[in-house]
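Trainee: One structure coming up, written as structure tokens, with questions to follow.
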DNA sequence: TCTCCAATTATCAGATTATGGAAATTTTTT
DNA sequence: AAAAAATTTCCATAATCTGATAATTGGAGA
């Protein structure tokens, strides 16, 4: 592990559970002397990734917000998804939420949402939150499109979590449930993340043919009767295809 | 300049004007050999700050979105501002925007906004964008509360920009315009950033007594007649005081 | 205003490890 | 299949990172 990795590793200390650190605490947590940690913090603060907001307490800094603007403006998946999400929003009730997720280190992250802040459902799956691959429709549809080799190692690692998620007790039933998702083109879950909340998700595929993310409609179970559910399925299937198509055009722009 | 600073300096290459880089381009831009740059990119990619989205092209990565969630959830200014902004939103027309800004390296960054996405004015001052200290009411009210020593060096550096912003051709008139802002407790500008758009801003002061940011109401010039303008001024003055007060309570929480 | 205490920075010798040119390997293109 | 490009590996050298300690700074309290 290089110096650069250690410095960047300091950033990983800052989690939702523990969002602020002193230099002494960080030094202790990483098993490094405080003098070294002071140096690391000086570099990170100089880059704006951390700020000393009060009395030696540090939190993530403005550079993060600045870079996030770039992600919103230029991340290929977010850019490809934006117009599709806006289009979807016109076809669902104002309580529903349109969500765009991406795979990241065998987890799934929400990278964009479209919702009426005044009327939309309060859900816990907010932008930037990571979910396991086995929880929620946005995750499950991604899982279903992973490469077989990846799936095998996932099953070997997390068969307990997979079983608990209702994806099958053994390899064969696991494969079968994923095949069913692939075949239908969507994943549907109810209450996987928030109680009474339902998700319907379609895959987004990269130009190379790899799964990169998913697009979802989130609504209450009550609100979505048979008919409406069928409409949502059609809508989201089309949306997934459209984002996949747009991604193909965006992925290799004639930049610079 | 240390290794850590150089690695973090790579992130500064990624701007809105030039959001994607290849490793060769970055090596050339920083005057480093490609083998070194490959190492740097590996560290940054490993930390999730960059991603290789296609064919050697890198953009800012998911770790940025994850850390941004932390900023939204835990940054003291944003946390202090949130309820006040939500309260304000109920007292202004749906086209208006409530904005929270902070000072960052003698520039001003928008760190939060409350607006009805369907009806609000389209403005260019979005979250994460940096503004000069001399442009827009959010900036000017911050400028007015900087320490005298800082102001002197600002004037020495940027007297041309200051004059162009209508803040005074010489040091005395500059001081006088800032004193006027301090005295009234708000800064008001029209068309400083977007044409036909008006901003009214009040300062947010840290518990130590330093200016840390500002809170603003953004509306069209046409919409804000004399009466409404006076109402906005009162509202935003109160909001600034309230955020300042909340910041005092948040700044030293009994964490851990 | 002065003193004291904690927080932060500077120092410095030693050694880890970062560097960078080039070669080897892998991947992509023709 | 060959050629080109991209990426990784290699390795000797020297740069610079490390970490214990000392010096300094900045406040809080007397």
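Residue numbers (this note's numbering), protein chains in the order written: chain A, 1 to 256; chain B, 1001 to 1256. Just so you know, even glycine gets a beta-carbon here, dropped at the ideal spot from N, CA and C. Quick caveat, the model's predicted, so the values are computed rather than measured.
#1: Is residue 1258(B) buried or exposed, if buried means 16 or more other CB atoms sit within 10 Å of its CB?
#2: For chain B, check one thing: does any of its Cβ atoms lie closer than 9 Å to the Cβ of residue 254(A)?
#3: Can you tell me whether residue 1083(B) is helix, strand or coil according to DSSP?
#4: List in chain order: all unbroken alpha helix (DSSP H) runs of 4+ residues lying wholly within the region 106-191 of chain A.
#5: Does the Cβ of residue 247(A) have 16 or more other Cβ atoms within 10 Å, making it buried, or fewer, making it exposed?
#6: Report the option in 120(A), 122(A) and 174(A) whose CA atom is closest to the CA atom of residue 134(A).
#7: With a threshold of 9 Å between beta-carbons, can residue 31(A) be considered close to chain B, or not?
#8: Check whether the region 1090-1097 of chain B and the region 84-104 of chain A touch, using three or more Cβ-Cβ pairs below 8 Å as the test.
#9: Which residues mark the beginning and the end of the beta strand (DSSP E) in which residue 212(A) is found?
#10: Distance cutoff 9 Å, beta carbons only. Does residue 70(A) sit that close to anything in chain B?
#11: How is the alpha helix (DSSP H) around residue 67(A) delimited, first residue to last?
#12: Using a Cβ-Cβ cut-off of 8 Å (strictly less than) and excluding sequence neighbours within five positions of residue 62(A), which residues of its own chain qualify?
#13: To the nearest angstrom, how far is the alpha carbon of residue 45(A) from that of residue 105(A)?
#14: Among residues of its own chain, excluding the 5 on either side of residue 1139(B), which ones have a beta-carbon nearer than 6 Å to its beta-carbon?
#15: Closer than 9 Å, CB to CB, is residue 1082(B) near chain A or not?
#16: So if I threshold CB-CB distances at 7 Å, which residues from the region 1155-1182 of chain B count as touching chain A?
#17: Quick check on residue 14(A): does DSSP put it in helix, strand or coil?
#18: DSSP state of residue 103(A), grouped into three classes?
#19: Please check if any C-beta of chain B sits within less than 9 Å of the C-beta of residue 243(A).
#20: Just the chain B side, please: which residues come within less than 8 Å of residue 23(A) by C-beta, in chain order?
#21: Would you check if there are 3 or more beta carbon pairs closer than 8 Å linking the region 28-47 of chain A to the region 1078-1085 of chain B?
#22: Quick check: is the beta carbon of residue 1118(B) nearer than 9 Å to any beta carbon in chain A?
#23: Start and end of the beta strand (DSSP E) containing residue 1204(B)?
#24: Excluding the 5 residues preceding and the 5 following residue 1244(B) in the sequence, name in chain order all residues of the same chain whose CB lies nearer than 6 Å to its CB.
#25: Sorted by chain position, which residues of the same chain lie with C-beta nearer than 7 Å to residue 1181(B)'s C-beta, five sequence neighbours on each side aside?
#26: Can a CB atom of chain B be found closer than 9 Å to the CB of residue 138(A)?
#27: Output yes if chain A places a C-beta closer than 9 Å to the C-beta of residue 1065(B); else output no.
#28: Go ahead and label residue 1020(B) buried or exposed: buried means 16 or more other beta carbons lie within 10 angstroms of its beta carbon, across all protein chains shown.
#29: Can you check DSSP and say which residues form a bridge with residue 1057(B)?
#30: Which chain A residues sit within Cβ distance under 8 Å of residue 1102(B)?
#31: In whole angstroms, what separates the C-alpha of residue 1090(B) from that of residue 90(A)?
#32: Determine which residues share a DSSP beta bridge with residue 1097(B) and list them.
#33: So that I know if they touch, is there some Cβ in chain B lying closer than 9 Å to that of residue 229(A)?
#34: Who are the Cβ neighbours of residue 167(A) in its own chain at under 7 Å, not counting the five residues just before and after it?
#35: Are the region 221-234 of chain A and the region 1003-1019 of chain B touching, with three or more C-beta to C-beta distances below 8 Å?
Mentor: Based on what the coordinates show:
#1: No information on residue 1258(B) is available, as it lies outside the stretch 1001 to 1256 that chain B covers here.
#2: Low confidence applies here, because residue 254(A) scores a pLDDT of 45, under 50, leaving its location unreliable; read the following figure in that light. Chain B contact via Cβ: absent.
#3: helix
#4: 137-144, 148-164 and 171-184
#5: buried
#6: 174(A)
#7: No, no contact with chain B.
#8: Contact check between the region 1090-1097 of chain B and the region 84-104 of chain A: fewer than three CB pairs, one atom from each, fall below 8 Å, which does not count as touching.
#9: 211-220
#10: yes
#11: 62-74
#12: 48 and 51
#13: 27 Å
#14: Sequence-distant partners of residue 1139(B) (beyond 5 residues in either direction) whose C-beta falls short of 6 Å from its own C-beta, in its chain, are 1108, 1131 and 1133.
#15: no
#16: none
#17: coil
#18: strand
#19: no
#20: The premise fails here: residue 23(A) is roughly 14 Å from chain B at the closest Cβ pair, so nothing lies under 8 Å.
#21: The region 28-47 of chain A makes no contact with the region 1078-1085 of chain B, as fewer than three CB pairs between them are under 8 Å.
#22: Interface residue, yes.
#23: 1197-1205
#24: 1204 and 1205
#25: 1140, 1141, 1144 and 1187
#26: no
#27: yes
#28: Residue 1020(B) sits buried, since 16 or more C-beta atoms from the chains shown fall within 10 Å of its C-beta.
#29: 1054(B)
#30: 62
#31: Straight-line measurement puts the Cα of residue 90(A) at about 25 Å from the Cα of residue 1090(B).
#32: 1218(B)
#33: no
#34: 134, 174 and 177
#35: no
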